[in-house]
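Residue numbers (the working numbering), protein chains in the order written: chain E, 1 to 251; chain B, 1 to 266.
Everything below concerns the one structure shown next.
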Amino acid sequence: MRQVLIPFYAIIIFLLFWEFVVWFNGWPNYKMASPSDLWPAFWKFKKLFFQYGWDTLWRTVAGLFLAVIFGVFLGMIMGLSKILREALYPLLVGFNAIPKATVVPIIALMFVGQHDLNTILIAFMISFFPIAVSISIGLSTLEPEYRDILRSLGASKSMIFWKIALPKTLPEFFGALKVAVTLAFIGTNLMEIVSPHGRGLGALFDSGKTNADYPLMFAVLIGLAILGIALYYVVVVLEKIFAGWAERSSE
Amino acid sequence: MKSNIGNDAIIIDKVTHTYKTDTGLLPVIKNLNMTVPKNGFTAVVGPSGCGKSTLTKLISGLLKPDYGEVYLNGEKVIGPKSIVGMAFQNPVLLEWRSILKNVMLPLEIVPNDLSEVDKEDRAKSLLHLVGLEGFEEKKPSELSGGMRQRASLCRALVHNPEVLILDEPFGALDAFTREDLWQVMHKLRREEPFTGILITHDLRESIFLADEVVVLSGRPATNQYSLQIPKLKNPKLDNLFSPDSIEMLKNLRKQIEIAQVQQATN
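As structure tokens, then:
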């Protein structure tokens with residue numbers, strides 16, 4: 001109960017403070033919307049909120065899904081082969097160094113009109129890097145004794161991978177996934193905001209901007225925060241299930 | 001390939017091994033000969049870095065010797081085989097498995113026709129033997145260093161290996177825990193006879209546990225000295241303070257010093 005109540009009160013206090021600051025300074029809502037402006041803005045567009053919220057959500061998850069598959073694959077080949085690691089690492093770092101905001105218009109032009117594909121692609125591109133790196137580091141730093149214990153029994157490479165290397169890498173994987181979730185979310189929104197005639201919460205945000213509906217823009221921000229929190233905690237729950245052993249009990 | 005050299009369980013026949021490093025060739029083992037009879041237990045001591053761990057890898061088939069041969073129960077070692085059990089200084093237990101499941105790990109890899117229940121019973125009986133009864137469902141992180149090492153010994157023995165290779169398994173433990181585990185080793189030898197090789201830096205450990213102590217020279221390691229340890233009916237820690245034991249320890253200590261000087265001047 002305490003675990004629920006304390007954050008709940010903290011949020012209430014935060015909202016009251018926000019309302020107070022806006023009221024005290026006499027800011028108009030185009031400078032800073034107050035919490036009391038948000039609900040009417042949300043209510044007015046509630047259908048779009050749910051529809052676009054769903055668009056944003058499924059595209060982020062789809063992009064993330066691709067990132068996990070590709071990232072794990074890339075991490076595996078880099079973690080298990082020294083030559084491939086040396087070959088791919090500079091490429092990967094270089095690719096990651098490009099700010100993805102600059103890739104957004106390129107992708108938008110490349111697959112013009114295919115809005116879902118564009119969005120998923122950006123979400124994927126921005127988020128696979130931490131996953132690939134964590135898996136490759138996890139695999140390449142496996143203590144040799146772990147391998148020797150199984151190898152001396154005549155275990156095959158794939159057996160060593162499934163029984164030891166993979167489970168041992170899971171905590172690092174979930175750490176990276178938490179970062180990747182947030183990144184994928186940024187990717188989705190970048191594309192939704194930039195793409196003309198787009199859908200998703202990013203597009204709703206953009207239309208708020210063009211129509212000078214500032215409370216709507218703020219309401220979208222809150223909506224995005226809620227989605228982001230939900231996704232993050234889904235990962236936390238998955239981590240507890242699959243890599244809960246890595247958590248030392250504090251008792 | 002069968003050999004006809006007696007009925008020794010481990011035969012190391014004129015083995016030489018050289019590592020290739022960036023700076024050239026590093027000979028670690030040179031013309032080494034050793035035999036361990038069935039159900040015998042031999043300790044290998046020598047200066048640090050003289051190639052003892054390499055020796056364990058050559059016996060288990062993880063490395064191939066450049067020259068010479070290793071035979072286990074008459075069969076030439078050409079690669080890793082499931083007839084070996086290993087334990088290291090680091091117990092390398094899998095943190096995500098319970099102690100019981102950790103001990104059962106080799107049974108998942110080595111071909112056998114045991115049912116799941118049989119496997120569990122086998123692991124449980126070993127855990128019972130080393131005094132870990134009641135810890136089956138605990139995670140390794142919940143156990144002390146000595147207890148983890150006990151579990152690691154069980155894992156090394158669970159598949160009834162023909163040869164047990166122990167690479168300084170007690171090296172990281174405090175003195176009293178180590179002595180406890182020496183007693184556990186004697187108990188295991190009584191209840192679960194095995195042929196074993198023990199790599200160690202502890203001379204007292206070597207004479208307390210082994211039937212024979214082999215002193216390796218400095219790198220490249222070769223036979224320098226070997227000492228038969230008289231077998232006691234009921235080995236006790238007190239025996240280590242007997243005049244005979246002290247004499248053996250002094251003798252071994254002197255041999256190690258010779259090997260150290262030789263390694264330093266090489």
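C-beta atoms are modelled at their ideal positions from N, C-alpha and C, and glycine is treated no differently.
Source: prediction; values computed, not measured.
* Asked: Enumerated in chain order, which unbroken segments of the beta strand (DSSP E) with a length of 3 residues or greater are wholly contained in the region 155-233 of chain B?
  -> 163-167, 195-199, 212-216, 223-228
* Asked: By Cβ distance, which residues of its chain are closer than 7 Å to Val-36/B, with the 5 residues on each side in sequence left out?
  -> Asp-8, Ala-9, Ile-10, Thr-42, Thr-195, Ile-197
* Val-130/B - DSSP class collapsed to helix/strand/coil -> coil
* Asked: Which term fits Thr-265/B, buried or exposed, when burial requires 16 or more other beta carbons within 10 angstroms of its beta carbon?
  -> exposed
* Identified DSSP bridge partners for Pro-37/B -> Asp-8/B
* Asked: Does Leu-57/E come within less than 9 Å of chain B when only Cβ atoms are used?
  -> no
* So what does Tyr-214/E bridge to, in DSSP terms? -> The partner list for Tyr-214/E (beta bridge, DSSP) is empty, contrary to what the question assumes.
* Asked: At a Cβ cut of 7 Å, what residues of the region 74-87 of chain B count as close to chain E, listed as they run along the chain?
  -> Pro-80, Lys-81, Ser-82, Val-84, Met-86
* Could you tell me if Val-181/E is buried or exposed, where buried requires 16 or more neighbouring beta carbons within 10 angstroms of its beta carbon? => buried
* **chain E contact residues for Lys-139/B, given Cβ-Cβ distances below 8 Å** => Trp-245
* Please check if any C-beta of chain E sits within less than 9 Å of the C-beta of Val-36/B. => no
* What does Asn-90/B touch in chain E if you count any residue whose Cβ is under 8 Å from its own? -> Glu-143, Glu-145
* To do: Determine the closest residue to Gly-63/E out of Asp-37/E, Asn-96/E, Phe-185/E, Trp-39/E, with distance taken between C-alpha atoms.
  => Phe-185/E
* **Whole-angstrom distance between Ala-225/E and Val-130/B, CA atom to CA atom** => 54 Å
* Would you call the CB atoms of Gly-51/B and Val-84/B closer than 9 Å? -> no
* To do: Mind listing, in chain order, the continuous alpha helix (DSSP H) runs of no fewer than 4 residues lying wholly within the region 67-106 of chain B?
  => none
* Asked: Does the count of Cβ pairs from the region 99-113 of chain E and the region 39-50 of chain E closer than 8 Å reach three?
  -> no
* Just the Cα atoms here: how many angstroms apart are Lys-31/E and Trp-18/E? -> 13 Å
* **Chain-ordered residues of the region 94-110 of chain B with a beta carbon less than 7 Å from chain A** => Protein chains E and B are contained in the structure displayed, whereas chain A is not.
* To do: Determine whether the Cβ of Ile-135/E lies closer than 9 Å to any Cβ atom of chain B.
  => no
* To do: State buried or exposed for Met-110/E, treating a residue as buried only when at least 16 other CB atoms are found within 10 Å of its CB.
  => exposed
* Got a sec: which bits of the region 156-175 of chain E sit with their beta carbon under 7 Å from any beta carbon on chain B, in order along the chain? -> Met-159, Ile-164, Pro-167
* Taking the CB atoms as reference points, tell me whether Thr-56/E and Gly-202/E lie closer together than 9 Å. => yes
* Exposed unless 16 or more other CB atoms sit within 10 angstroms - verdict on Thr-188/E -> buried
* Classify Asp-238/B as helix, strand or coil using the three-state DSSP reduction. => helix
* Asked: List, in order along the chain, the chain E residues whose C-beta lies closer than 9 Å to that of Ser-245/B?
  -> Near Ser-245/B there are no residues of chain E at all, since even the closest Cβ is about 32 Å away, more than 9 Å.
* **Proximity of Ile-29/B and Thr-222/B at Cβ, strictly below 9 Å** => yes
* Asked: Among Glu-179/B, Asn-251/B, Glu-142/B, which one has its Cα closest to the Cα of Asp-238/B?
  -> Glu-179/B
* **Chain-order list of residues whose beta-carbon lies under 7 Å from that of Leu-132/B (same chain, five-residue window excluded)** => Ile-99, Met-147, Arg-150, Ala-151
* To do: Could you pull the start and end residues of the alpha helix (DSSP H) that Ile-164/E belongs to?
  => Where Ile-164/E is concerned, there is no enclosing alpha helix (DSSP H), given that its DSSP letter is neither H nor E.
* To do: Check Tyr-233/E in the structure and name its three-state DSSP category.
  => helix
* Reduced DSSP secondary structure (H/G/I, E/B, other) of Leu-25/B -> strand
* Buried or exposed: which applies to Val-104/E, given that a residue is buried once 16 or more other Cβ atoms fall within 10 Å of its Cβ? -> buried
* To do: If I'm right that Asp-13/B touches Glu-69/B with Cβ under 8 Å, what's the distance once you round it to whole angstroms?
  => 5 Å
* To do: Indicate the three-state DSSP secondary structure (helix, strand or coil) for Tyr-30/E in the structure shown.
  => coil
* **Contact under 9 Å by Cβ, Gly-154/E with Pro-243/B** => no
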